[in-house]
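Engineer:
Structure representation (structure tokens):
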């Protein structure tokens, strides 16, 4: 578990494993691309990004902006949905 410190100096516990969360998110993009038989080159063109960036993103070596993930999702014919879920006690 990790902590972050907010601007008031309070420590906030982060229970989620960010590495695992990133793997799950990236995996969704990659799985959908493969299911729809879309190449990395096709996604790159449709999303307005370079093909090596798609490869780095899918390998987890690239930390894309929210805007880029939205464009990538649209290139796959999907909509990106971000949801906040209250933590359980």
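Residue numbers (the working numbering): 21 to 109.
Cβ coordinates follow ideal geometry from the N, Cα and C atoms, glycine included.
Hey, how far is the Cα of residue 65 from the Cα of residue 31?
Structural biologist: Approximately 43 Å between the Cα atoms of the pair.
Engineer: Could you tell me whether the Cβ atoms of residue 76 and residue 82 are closer together than 7 Å?
Structural biologist: In contact: residue 76 and residue 82 (Cβ atoms closer than 7 Å).
Engineer: Do residue 95 and residue 70 have their C-beta atoms within less than 7 Å of each other?
Structural biologist: Contact: no.
Engineer: Quick one: is residue 53 buried, meaning 16 or more other Cβ sit within 10 Å of its Cβ, or exposed?
Structural biologist: Burial call: buried.
Engineer: Kindly indicate which residue of 28, 37, 101, 44 has the alpha-carbon position closest to the one of residue 79.
Structural biologist: It is 44 whose Cα lies nearest to the Cα of residue 79.
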